[in-house]
Amino acid sequence: MSPAHDTGTTEEELAGPPAPGGQPASGGRPASGGVVEAVEVPGIPGARHVRHVAPQEHVFAPIRVSVRRVGDELRGSVPVMPELHVPGTTCVRMAALVVWSDFLGGRMSVGVLAPRVPVTLDLHVELYTRSWDTSEVQVTGRLVKTGRSVVITAADFRHPDGTPLALATAAFMTAGDPSLVMPPLRWEDEDPDDAAWGPRQPLRAALAEHAGCEVRAPGVAAVARTANGLNASDTINGGLIALAAEEAALSLTPGVPLASMLLRYLRPVRLGPAVATARVSGGLGVVEVRDAGAEDRLAAHAVTRSFSGFDSAGM
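The working numbering puts the first residue of the sequence shown at 67, with every later residue one more than the last.
Here is the structure:
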């Protein structure tokens, strides 16, 4: 599930080419998930399917999680390469954990809320340690609370030896437009023979560079709206918003990883770029992400804490 945070779709041209990690759109149309198609769904007049970008084309395809259903949980793993580390450390970037948490939670939310489209309200990620020293992370997602329109999920990240590395919670709700529906989605298991889930492409550059996220000044980072960085509502993917927020905070404390992030999505970034501005004091940061192309409207608010405020001896 790509965090939508919104129900609308747009038809304007994309503001820029694909990020370095992705492919250009083909056939004169953006490779986005914002295309809707009329469909007949019992009980939902005027239903429209939301079509996602092909998994292998998305900017986050190289770091996707492979999962399977085990009882009431989703379990799987994801490879960890140096390109996912905060520069100068062995700590995995907060943005990657947001992407993984959102994928797990969104996939489970679809199983509860379908055919309605789930959108992400907020994500909260906490790290146990800044020293990960592993080439693989084991992930487990589970439902915490389900309701008629809201779902709360949790994700657990561990070293292959069982050592806890991070945990996350997320809240999802149904999109405000009741006519938008999800196409059939198999959330229980991934089919290894499904062409959409072909071999994972390598991450050939640091995550921020791969995604086209740039630091414009100390405390300010931005990411453009590109063909391969969209979500189901044709707006900037929530993982990219998290990446911009993280980059803005890290630029004020270079080499010091974030220990936690509470990210609330307030409105979609329809035009972009998404510009994150951070204020950090004593390791505690506040980051605002605005849609520069839409009168700088506030799109997301994050509270971060870095490991600089902790005694990391022995970690």
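All C-beta atoms, glycine included, are put in the ideal place defined by N, C-alpha and C.
Check your understanding: What is the DSSP secondary structure of P128, reduced to helix, strand or coil?
Key -> If DSSP states are grouped into helix, strand and coil, P128 belongs with the helices.
Practice item. Tell me whether S326 sits in a helix, a strand or coil according to DSSP, three-state version. Key: Note: S326 maps to strand in three-state DSSP.
**Study point:** For T240 and I307, the rounded distance between their alpha carbons
**Key:** A direct Cα-Cα distance of roughly 20 Å separates I307 from T240.
Check your understanding: When the Cα atoms are used, what is the spatial distance from A290 to L170?
Key -> One Cα belongs to A290, the other to L170, and the distance between them is close to 25 Å.
Point to revise | Burial state of T219, where buried means 16 or more other Cβ atoms lie within 10 Å | key: In summary, T219 is buried, with 16 or more beta-carbon neighbours lying within 10 Å of its beta-carbon over all protein chains present.
Review point. Can you name, in chain order, every residue of its own chain whose Cβ lies under 6 Å from the Cβ of V133, other than the five neighbours on each side?
Key: Excluding positions up to five away in sequence, the list reads L140 and G142.
Check your understanding: P230 bridges to which residues according to DSSP?
Key -> Paired residues: R224.
Practice item. Could you please give me the residues that DSSP links to P184 through a beta bridge? Key: P184 is bridged to T240.
Check your understanding: Taking C-beta to C-beta, are V183 and V247 nearer than 8 Å?
Key -> Taking a C-beta distance under 8 Å as the contact criterion, V183 and V247 qualify as a contact pair.
Check your understanding: Which same chain residues, not among the five before or five after H225, have their C-beta less than 7 Å away from its C-beta?
Key -> If we look at H225 and ignore the five residues flanking it on each side, its Cβ neighbours are T200 and L231.
Exercise for review: Could you check how far apart the C-beta atoms of A236 and D168 are, in whole angstroms? I think they sit under 8 Å.
Suggested key: Rounded to whole angstroms, the Cβ separation of A236 and D168 is 6 Å, and the two are in contact under 8 Å.
**Study point:** Counted within 10 angstroms of its Cβ, other Cβ atoms place T229 as buried (16 or more) or exposed
**Key:** Here T229 is exposed: its Cβ has fewer than 16 other Cβ atoms, across all protein chains shown, within 10 Å.
Check your understanding: Which residues mark the beginning and the end of the alpha helix (DSSP H) in which D168 is found?
Key -> Counting along the chain, the unbroken alpha helix (DSSP H) around D168 starts and ends at M160 to L179.
Practice item. Give a yes or no on whether 8 Å exceeds the smallest Cβ distance from V217 to chain D. Key: In the structure shown, chain D does not exist; there is a single protein chain.
Check your understanding: So is R336 buried or exposed if we call it buried at 16+ other beta carbons inside 10 Å?
Key -> Buried: at least 16 other Cβ atoms inside 10 Å.
Review point. Of all the alpha helix (DSSP H) runs that stay within the bounds of the stretch 275-357, which reach a length of 4 or more residues?
Key: Those alpha helix (DSSP H) runs which fall completely within the stretch 275-357 and span 4+ residues are 304-316.
Exercise for review: For R363, write down the residues that DSSP places opposite it in a beta bridge.
Suggested key: The partner list for R363 (beta bridge, DSSP) reads D357.
Review point. Q204 bridges to which residues according to DSSP?
Key: In DSSP, Q204 forms a bridge with S143 and R224.
Check your understanding: Is DSSP giving E192 helix, strand or coil here?
Key -> Strand.
Practice item. Compute the Euclidean distance between the alpha carbons of H151 and A104, then round it to the nearest angstrom. Key: Roughly 42 Å separates the two Cα atoms.
Check your understanding: Around the Cβ of R371, are there at least 16 other Cβ atoms within 10 angstroms (buried) or fewer (exposed)?
Key -> Classification for R371: buried.
Check your understanding: Among L332, A315, P153 and P320, which has the Cα closest to the Cα of T186?
Key -> It is L332.
Review point. S372 by DSSP, collapsed to three states: which one?
Key: Residue state for S372 is assigned as strand, using DSSP reduced to three classes.
Point to revise | C-beta atoms of A271 and C279 nearer than 8 Å | key: No.
Point to revise | Inter-residue CB distance, V352 and R345 (contact presumed, cutoff 8 Å) | key: Taking the Cβ atoms as the reference, V352 lies roughly 5 Å from R345, within the contact range of under 8 Å.
**Study point:** Neighbour-count burial assignment, E382, 16 or more Cβ in a 10 Å radius
**Key:** Outside the shown range of the chain (67 to 381) lies residue 382, about which nothing can therefore be said.
Point to revise | Simplified DSSP assignment, three categories, for L150 | key: In the three-state scheme derived from DSSP, where H, G and I count as helix and E and B as strand, L150 is classed as helix.
**Study point:** DSSP beta-bridge partners of V107
**Key:** DSSP lists I110 as partners of V107.
Check your understanding: V144 and V205: beta carbons closer than 8 Å?
Key -> With contacts defined as CB atoms closer than 8 Å, V144 and V205 qualify as a contacting pair.
Point to revise | Per-residue burial, E79 [other beta carbons within 10 Å of its own, 16 or more giving buried] | key: Note on E79: pLDDT 31, under 50, position unreliable in the model; the coordinate value appears next. E79 sits exposed, since fewer than 16 C-beta atoms from the chains shown fall within 10 Å of its C-beta.
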